[in-house]
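Colleague:
2 protein chains.
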Amino acid sequence: MNRGIVTTEHIQEFKNFIGASFVFADEETLRHYGHDETEQLLFPPEVVLKPRTATEISAIMRFCNTHQIPVTPRGAGTGLSGGAIPHLGGVLLSMERLDTIINIDERNLQVTTEPGVITEVLQNAVKEKGLFYPPDPSSRGSCFIGGNIAENSGGPKAVKYGVVKDYVLNLEVVLPTGDIIWTGANVLKNSTGYNLTQLMVGSEGTLGIVTKIVLKLIPLPAYDLLMLVPFKSLEKASEAVSAIFRAGFTPSALELVEIDAILITAKMLDNYVVPITDDVEAHLIIETDGNDMDVLMKEMEAISELLMHYDAGDILFADDAQQKNELWKLRRRVAEAVKVSGYTIEEDTVVPRAELPKLVRAVKALGKQYDFHAVCYGHAGDGNLHIRIKKEGIPDSYGNAVMHTILRALFEEVKALGGTISGEHGVGLIQKDYVDIVFADANLKLMRGIKQLFDPNNILNAGKIFDLH
Amino acid sequence: MNRGIVTTEHIQEFKNFIGASFVFADEETLRHYGHDETEQLLFPPEVVLKPRTATEISAIMRFCNTHQIPVTPRGAGTGLSGGAIPHLGGVLLSMERLDTIINIDERNLQVTTEPGVITEVLQNAVKEKGLFYPPDPSSRGSCFIGGNIAENSGGPKAVKYGVVKDYVLNLEVVLPTGDIIWTGANVLKNSTGYNLTQLMVGSEGTLGIVTKIVLKLIPLPAYDLLMLVPFKSLEKASEAVSAIFRAGFTPSALELVEIDAILITAKMLDNYVVPITDDVEAHLIIETDGNDMDVLMKEMEAISELLMHYDAGDILFADDAQQKNELWKLRRRVAEAVKVSGYTIEEDTVVPRAELPKLVRAVKALGKQYDFHAVCYGHAGDGNLHIRIKKEGIPDSYGNAVMHTILRALFEEVKALGGTISGEHGVGLIQKDYVDIVFADANLKLMRGIKQLFDPNNILNAGKIFDLH
Chain E
1 MNRGIVTTEH
11 IQEFKNFIGA
21 SFVFADEETL
31 RHYGHDETEQ
41 LLFPPEVVLK
51 PRTATEISAI
61 MRFCNTHQIP
71 VTPRGAGTGL
81 SGGAIPHLGG
91 VLLSMERLDT
101 IINIDERNLQ
111 VTTEPGVITE
121 VLQNAVKEKG
131 LFYPPDPSSR
141 GSCFIGGNIA
151 ENSGGPKAVK
161 YGVVKDYVLN
171 LEVVLPTGDI
181 IWTGANVLKN
191 STGYNLTQLM
201 VGSEGTLGIV
211 TKIVLKLIPL
221 PAYDLLMLVP
231 FKSLEKASEA
241 VSAIFRAGFT
251 PSALELVEID
261 AILITAKMLD
271 NYVVPITDDV
281 EAHLIIETDG
291 NDMDVLMKEM
301 EAISELLMHY
311 DAGDILFADD
321 AQQKNELWKL
331 RRRVAEAVKV
341 SGYTIEEDTV
351 VPRAELPKLV
361 RAVKALGKQY
371 DFHAVCYGHA
381 GDGNLHIRIK
391 KEGIPDSYGN
401 AVMHTILRAL
411 FEEVKALGGT
421 ISGEHGVGLI
431 QKDYVDIVFA
441 DANLKLMRGI
451 KQLFDPNNIL
461 NAGKIFDLH
Chain A
1 MNRGIVTTEH
11 IQEFKNFIGA
21 SFVFADEETL
31 RHYGHDETEQ
41 LLFPPEVVLK
51 PRTATEISAI
61 MRFCNTHQIP
71 VTPRGAGTGL
81 SGGAIPHLGG
91 VLLSMERLDT
101 IINIDERNLQ
111 VTTEPGVITE
121 VLQNAVKEKG
131 LFYPPDPSSR
141 GSCFIGGNIA
151 ENSGGPKAVK
161 YGVVKDYVLN
171 LEVVLPTGDI
181 IWTGANVLKN
191 STGYNLTQLM
201 VGSEGTLGIV
211 TKIVLKLIPL
221 PAYDLLMLVP
231 FKSLEKASEA
241 VSAIFRAGFT
251 PSALELVEID
261 AILITAKMLD
271 NYVVPITDDV
281 EAHLIIETDG
291 NDMDVLMKEM
301 EAISELLMHY
311 DAGDILFADD
321 AQQKNELWKL
331 RRRVAEAVKV
341 SGYTIEEDTV
351 VPRAELPKLV
361 RAVKALGKQY
371 DFHAVCYGHA
381 GDGNLHIRIK
391 KEGIPDSYGN
401 AVMHTILRAL
411 FEEVKALGGT
421 ISGEHGVGLI
431 QKDYVDIVFA
441 DANLKLMRGI
451 KQLFDPNNIL
461 NAGKIFDLH
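These protein sequence lines are chains E and A, in that order.
Counting from 1, position 265 in the first sequence corresponds to residue 265 in the UniProt record's numbering; the numbering is continuous, with no gaps.
Counting from 1, position 139 in the second sequence corresponds to residue 139 in the UniProt record's numbering; the numbering is continuous, with no gaps.
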């Protein structure tokens, strides 16, 4: 812990760089910026800086690099792996004032934006031009696009349209040393040098601070259809997932939600009515989209028929925009609802799609073995299963040996199934104890080497993903 | 030049590692492996090794690392940037015996393959299972999938389906030090650590030797339609390209071929009949694909109507499989035909799609200024334009000051339009003199640092992309 490193002289310098009104050291602000949406963690920084430009950020980084002051960049603070938590104290660098959509290029189907734009705001802005930016994490109404870049976020649409990395063409980045670079070019194909753009995406704010983002856009599909499908068994539901793809369909969303999660969320949202019979264990939420309604209708019918082979119950079709919104609202608020109801630990496992039934079985078996409850939900079409754990007597999750044992056992299973420990949330602070499960020493040596190359003094979001020593 | 570094003792060691019958030092073999498809370059290695396994390659790399012997990995030798040319002598490591498709996983829509499999062989193998691996460089009938990874290859389908990088899930890599790693996991989403997989894709064999490849597959579309559209002006043709996307269509191929290239190729192929009227300057080749023929027909009609606003001439629809094959054959053999006819220098420029008309104009203007002929063709839908240059009195292309001046002027234009110097061929040996145009010093410093991290003794494909010093 480096707490106490920021002096009043440092703070005066920061005021010179960005103006006194954007430098905060009061307790309330420090406390607010000391956490993200990761359960129960609170590490207030020593100072909060709210710069406006890459040039200001460059000045801050040069100074902090010289004085070896830890810097933690932060978007909207919606992260689920503690990536934006300033656990070493020092400077919290909030990106909230870099909040402008710079240019929607309708000729080239691209958008250039600053990182502090809320993802849904960006999506709506391009939608008005008939364009589509698909990646849509559940927090899209509050998260920043910059944070999405840092974590390589996904969301329901990823199953058809891919994740953030598939849309990033070019990034302006302030390096820890203060240099400002563009990582690539605003082109759809690029075989010119090492792919620094993709190295930056998903690097969790440890290699540089993204200050401008060029994203590829695609034409907005004209129609979508949505249905909710109940299953008598969680395993059957997860088996049905890969069957849909094997039959040649690519839904635009394919979500799995275990019944406990649906019930808890429906209760929290009040008044929301899902027709649930006693013998339902899980639901699939299936969306298709495209430009021809007849084709979509046929596709949905064919999928429905296929699902009957997996003991699907009565399918609920969302009839209109309102029903669709209600259903998506239910899905998007699952994480929040189950967290409030005591499932405080969220894991973000991902396996090859067809191994989902095995993962589900393994989770339940581990629950019996270690005496915990788990609810599963997530982006089943991508094999990305969020597992929320509740264990009586262990309210504070990550900081104890019992939970450590459970999580190691879970991640060993995930690894054995060909998967890895994070599909879209990142490793951050809370999963770094487990990266040795999925990476060989040689991998970690390369990653640490890359970190040292970009950040020789280890000042930028240090101690996330892995420790250097 | 390190020529003369490989001793008879070294060669004996290589024989111990992989068997005497796979070690070659005869002049004919050395000469054969001294070039690729890049024009006129010949640098024979000192020894050619044909290992069979990652373990054998690991032993070779450990040894060469210890003895600081240059190693150049080589796929099928179809590269167009000199990436596989052993310009420093030393060891040529041919991947031709790692030629097995290990597993087509129909449950998870993935294929695991060795790098020495011909791309088209791989495509056909998965096609038999109803699956689709889209990236299809023109050389797909002879190039290796491993080489495609090294160069981040594209091809006509990239415009709808993306390039190689969009399909690579995981790679087994022998590092220059001999360590063997897997870069990621066999999953569709991954936010676990730095993206070593994407760092490896397009690194032109300078960071490690890929020995196993896990690729994502998608369902094979049932139908496609193809048409050839003549335009009175090259500029109008290139303007039509972005109009198609702006209207909401995403063709599965959108190729541009200038008339001289079509005529030269048609002549070489003999008997091939393209209906050409005197006033045609360029053609677009447009393909759409999907699972509903009615939808495709409607789409093609709508595109045809749109093109009339850009002075398109009479459209030729390919009626059957044979006509489609003929048309694609014509397109795929353009590079070879124009090369034979004296357009020896190929550049692989890429710009944002809508800037294509400006690029085309700039090429013609430069041609007048510097007195050279150029033919343009390529993947216009991606803004990726291949420019073939013929200049009287300069037969040997890259090695002279006049051509250097021309290429710098061309690449400066490309950069000014927001583009970069290689869309799918790589920088390799022949374009490294120009990377300073598109990269800042800070970018190059990071890239050189990455190279040094992976390859501390600079033995693996050294001097490609950039020089270290």
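Glycine included, C-beta positions come from ideal geometry on N, C-alpha and C.
Note that the coordinates shown come from a computational prediction; the quantities given were computed from them, not determined experimentally.
Which residues of chain A have a Cβ atom closer than 7 Å to the Cβ of E/F439, listed in chain order?
Modeller: What E/F439 touches in chain A: G193.
Colleague: Going by other Cβ atoms of all chains shown within 10 Å of its Cβ, with 16 needed for buried, is E/S191 buried or exposed?
Modeller: E/S191 comes out buried.
Colleague: On the three-pair Cβ rule with 8 Å, is the stretch 154–171 of chain E touching the stretch 129–146 of chain A?
Modeller: The answer is no - the stretch 129–146 of chain A does not touch the stretch 154–171 of chain E, with fewer than three Cβ pairs under 8 Å.
Colleague: For the structure I just gave you, are there three or more beta carbon pairs, one from the stretch 168–184 of chain E and one from the stretch 140–150 of chain A, closer than 8 Å?
Modeller: No: the two stretches stay apart, fewer than three of their Cβ pairs being nearer than 8 Å.
Colleague: Give a yes or no on whether the C-beta atoms belonging to E/P51 and E/L88 are separated by under 9 Å.
Modeller: In this structure, E/L88 does not lie closer than 9 Å to E/P51 by Cβ.
Colleague: Could you check what DSSP says for E/I213 in three-state terms: helix, strand or coil?
Modeller: In the structure shown, E/I213 sits in a strand (DSSP, three-state: E or B).
Colleague: For the beta strand (DSSP E) holding E/Q376, just list the boundary residues, first then last.
Modeller: Note that residue 376 of chain E corresponds to Cys in the displayed sequence, not to Gln. Element bounds for E/C376: H373 to H379.
Colleague: Taking contact to mean 3 or more Cβ pairs, one atom from each stretch, closer than 8 Å, check whether the stretch 247–257 of chain A and the stretch 370–385 of chain A are in contact.
Modeller: Counting Cβ pairs under 8 Å, three or more are found: they touch.
Colleague: Name the DSSP bridge partner or partners of E/P73?
Modeller: Paired residues: E/L93.
Colleague: Got a sec: is the Cβ-Cβ distance from A/K236 to anything in chain E below 9 Å?
Modeller: So no, A/K236 is outside the interface.
Colleague: Between the stretch 146–168 of chain A and chain E, which residues of the former have a C-beta closer than 7 Å to a C-beta of the latter?
Modeller: Residues passing the 7 Å Cβ filter: E151, N152, G154, A158, V163 and D166.
Colleague: Going by CA-CA distance only, name the one from A/Q110, A/R361, A/Y194 and A/T7 that's closest to A/G69.
Modeller: According to the sequence as given, residue 69 of chain A is Ile; it is not Gly. Of A/Q110, A/R361, A/Y194 and A/T7, the residue nearest in Cα terms is A/T7.
Colleague: Is the separation between the beta-carbon of E/G248 and that of E/T277 shorter than 9 Å?
Modeller: No.
Colleague: Can you find the residues in the same chain that come closer than 6 Å, C-beta to C-beta, to A/I286, ignoring five residues on each side of it along the sequence?
Modeller: Within the same chain, A/I286 has close Cβ partners M227, P251 and L254.
Colleague: Could you have a look at E/K236 and say whether DSSP puts it in helix, strand or coil?
Modeller: Helix, per DSSP.
Colleague: For A/M1, decide whether its Cβ has a neighbour in chain E, counting only Cβ atoms nearer than 9 Å.
Modeller: Summary for A/M1: the model assigns pLDDT 45, below 50, so the residue's position carries little reliability; its value from the coordinates is reported in the next sentence. Cβ-Cβ to chain E under 9 Å: no for A/M1.
Colleague: Quick one, are the C-beta atoms of E/L460 and E/T206 less than 9 Å apart?
Modeller: Cβ distance < 9 Å, so E/L460 and E/T206 count as in contact.
Colleague: Using 8 Å for Cβ pairs, my map puts A/V351 next to A/G418. What's the rounded Cβ distance?
Modeller: With 8 Å as the limit, A/V351 and A/G418 qualify as a contact, their Cβ atoms being about 6 Å apart.
Colleague: Evaluate E/L109 with the Cβ neighbour count: other Cβ atoms within 10 Å of its Cβ, from every protein chain shown; 16 or more gives buried, anything less gives exposed.
Modeller: Classification of E/L109: buried, given that the 10 Å Cβ count is 16 or more.
Colleague: For E/I181 and A/A416, what's the separation of their Cα atoms in angstroms?
Modeller: Their backbone Cα atoms lie some 17 Å apart in a straight line.
Colleague: Which bits of chain A does E/H425 rub up against, with CB to CB less than 8 Å?
Modeller: Near E/H425 (Cβ distances below 8 Å), the residues of chain A are S191.
Colleague: What are the start and end residues of the beta strand (DSSP E) that includes E/G290?
Modeller: Where E/G290 is concerned, the enclosing beta strand (DSSP E) stretches over A282 to G290.
Colleague: Using a Cβ cut-off of 9 Å (strictly closer), state whether E/M227 contacts chain A.
Modeller: No, no contact with chain A.
Colleague: Tell me whether the stretch 37–49 of chain A and the stretch 336–356 of chain A touch, counting them as touching only if at least three CB pairs, one residue from each stretch, are closer than 8 Å.
Modeller: Result yes; three or more Cβ-Cβ pairs closer than 8 Å.
Colleague: Cα separation between A/K353 and A/A380?
Modeller: In the sequence on display, residue 353 of chain A carries Arg and not Lys. C-alpha separation (whole angstroms): 7 Å.
Colleague: Using a Cβ-Cβ cut-off of 9 Å, state whether E/Q40 counts as contacting chain A.
Modeller: No - not a single Cβ of chain A is within 9 Å of the one on E/Q40.
Colleague: In or out: E/P357 buried (at least 16 other Cβ within 10 Å) or exposed?
Modeller: With 16 or more Cβ atoms within 10 Å of its Cβ, E/P357 is classed as buried.
Colleague: For A/C143, does the three-state DSSP call read helix, strand or coil?
Modeller: Coil.
Colleague: With three or more C-beta pairs closer than 8 Å as the rule, is the stretch 67–82 of chain A touching the stretch 427–436 of chain A?
Modeller: These segments touch.
Colleague: Identify whether A/K390 lies in helix, strand or coil by the three-state DSSP scheme.
Modeller: In the structure shown, A/K390 sits in a strand (DSSP, three-state: E or B).
Colleague: Any contact between the stretch 442–449 of chain E and the stretch 191–201 of chain A? By contact I mean 3 or more CB pairs, one from each, below 8 Å.
Modeller: Touching, yes.
Colleague: Is it buried or exposed for E/F317, if we count other Cβ within 10 angstroms and need 16 for buried?
Modeller: E/F317 should be labelled exposed.
Colleague: Below 9 Å between beta carbons: does that hold for A/G146 and A/V210?
Modeller: Yes. Within cutoff.
Colleague: Since A/E326 is in the beta strand (DSSP E), which residue starts that stretch and which ends it?
Modeller: No beta strand (DSSP E) contains A/E326, which is instead part of the alpha helix (DSSP H) from A321 to R332.
Colleague: Would you mind stating whether E/F231 and E/E281 have Cβ atoms separated by less than 9 Å?
Modeller: Yes, Cβ-Cβ distance for E/F231 and E/E281 is below 9 Å.
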